[in-house]
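At position 144 of the sequence shown (counting the first as 1) the number is 144 in UniProt numbering, and the numbers step up by one without a gap. Note that CB positions come from ideal geometry on N, CA and C, so glycine has one too.
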Amino acid sequence: MNLGDRFVRLVKSNVNQALGAMEDPEKVLEQAVADMQRDLTKVRQAYAEVSASSKRAEEQSKLAQGEADKWYQRAQLALEKGEEELAREALGRRSQQLELVDNLRGQVEGNAGSLTSLYDSMKELEAKMAEAKAKKDQIIARARTAKAATKVNDMLSGIGDGSSMAAFDKMAEKVDKLEAEAEVSKQLAASSSSGIGSGSSLDAQFKALERGGVDDELEKMKRNILPQSGVDDELAQMKALMEAEKDGEKK
């Protein structure tokens, strides 16, 4: 393994370790949405409690105002009857109820401010919840895609490393060698099969050619050894005439 391959493997190892150490985005986002949902539930509960408390305070304020009015009427009746001390007592009770009315109304007014704040917070959280859920789905999809891409890239890089490609090259070279040996074997087999059927005739043809060459050479030698000329022909003719004359005399 060369220095470049070692560096690539080292970087990949460090990246994988870093990714493993990181929190799972899907789990983190799911937990974040769950926390927001829990906060929204608390705000809604608080809004409901404050709203209910405000309604009770308002009802109690109305009751206290009614009691104050009743004690005022009793004070008037006591004065009409000449019962000044009793009237004073009635006015004291009326004062207590009016004080209660003021406290309850202050509570209602204070609750109104709290209700407005809680309502705004609740609506804001609801909007953020909807946005968070939409982003959560998108980010989770991206995280899953990134993880899948990382796995595929790791697989591809593993397939394309030097040792794997060397194995492929070695096998391809071996197959080329086997194919070449098969082609040579095929040619040898074809040559052997053709020689078996026509070997004898081929030998005969060459022998005939060889014999023809010998005969030609012999004929040439004869011509050189026994040359023919005009004198020889004339001598032969004279011998023939002489033989003819002898035959005539005998007759």
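What first and last residue would you give for the alpha helix (DSSP H) that runs through GLY82?
Premise fails: GLY82 is in no alpha helix (DSSP H) and is neither H nor E.
Reduced DSSP category for ASP176 - H, G, I as helix; E, B as strand; rest coil
DSSP places ASP176 in helix when its eight states are reduced to three.
Between the stretch 27–40 and the stretch 64–84, do three or more beta carbon pairs fall short of 8 Å?
No contact exists between the stretch 27–40 and the stretch 64–84.
For a quick check, are the C-beta atoms of SER61 and VAL101 less than 7 Å apart?
In this structure, VAL101 lies closer than 7 Å to SER61 by Cβ.
Whole-angstrom distance between MET122 and ALA141, CA atom to CA atom:
Approximately 28 Å between the Cα atoms of the pair.
How many Å lie between LEU63 and TYR119 at the Cα?
Straight-line Cα distance between these residues: approximately 28 Å.
Beta-carbon contacts of SER114 that lie in its chain and below 6 Å, excluding the five residues immediately before and after
Its chain contains VAL50 as the residues whose beta carbon lies nearer than 6 Å to that of SER114, once the 5 sequence neighbours on both sides are disregarded; these appear in chain order.
Taking DSSP as the reference, what is the three-state secondary structure of ASP24?
Secondary structure at ASP24: coil, using DSSP grouped into helix, strand and coil.
Which listed residue (ARG94, GLU59 and LEU125) has its alpha carbon closest to that of GLN107:
The shortest Cα separation from GLN107 among ARG94, GLU59 and LEU125 belongs to GLU59.
Output yes or no for whether 7 Å exceeds the beta carbon distance between MET36 and ALA134.
ALA134 sits away from MET36, with the two beta carbons spaced by 7 Å or more.
Tell me the rounded alpha-carbon separation between GLU89 and MET129.
Going by the C-alpha atoms only, they are around 58 Å apart.
Check whether LEU40 and LEU125 have beta carbons under 7 Å apart:
Result yes, Cβ atoms of LEU40 and LEU125 sit closer than 7 Å.
Closest residue to TYR47 among MET238, GLN237, ASN111 and ALA236 (Cα-Cα distance):
Closest option to TYR47, Cα to Cα, is ASN111.
Figure out for me which residue from ILE139, GLY92, ARG38 and ALA172 has the closest Cα to the Cα of ASP24.
Taking only the C-alpha atoms, the option nearest ASP24 is ILE139.
So for ILE196, helix, strand or coil by DSSP?
Interpretation of ILE196 is limited by its pLDDT of 49, a score under 50 that renders its predicted location unreliable; the figure taken from the coordinates is listed afterwards. ILE196 sits in a helix when the DSSP states are folded into three classes.
Note down the Cα distance separating ALA148 from GLN45, rounded to an integer number of angstroms.
ALA148 and GLN45: Cα-Cα distance of roughly 42 Å.
Can you tell me whether ALA21 is buried or exposed? The criterion is at least 16 other CB atoms within 10 Å of its CB, across all chains shown.
Confidence is the limiting factor: at ALA21 the pLDDT is only 47, short of 50, which leaves the residue's position unreliable and the question unanswerable from this model.
Let me know if VAL43 comes out buried or exposed under the rule of 16 or more other beta-carbons within 10 Å of its beta-carbon.
Around the C-beta of VAL43, 16 or more other C-beta atoms lie within 10 Å, and the residue is accordingly described as buried.
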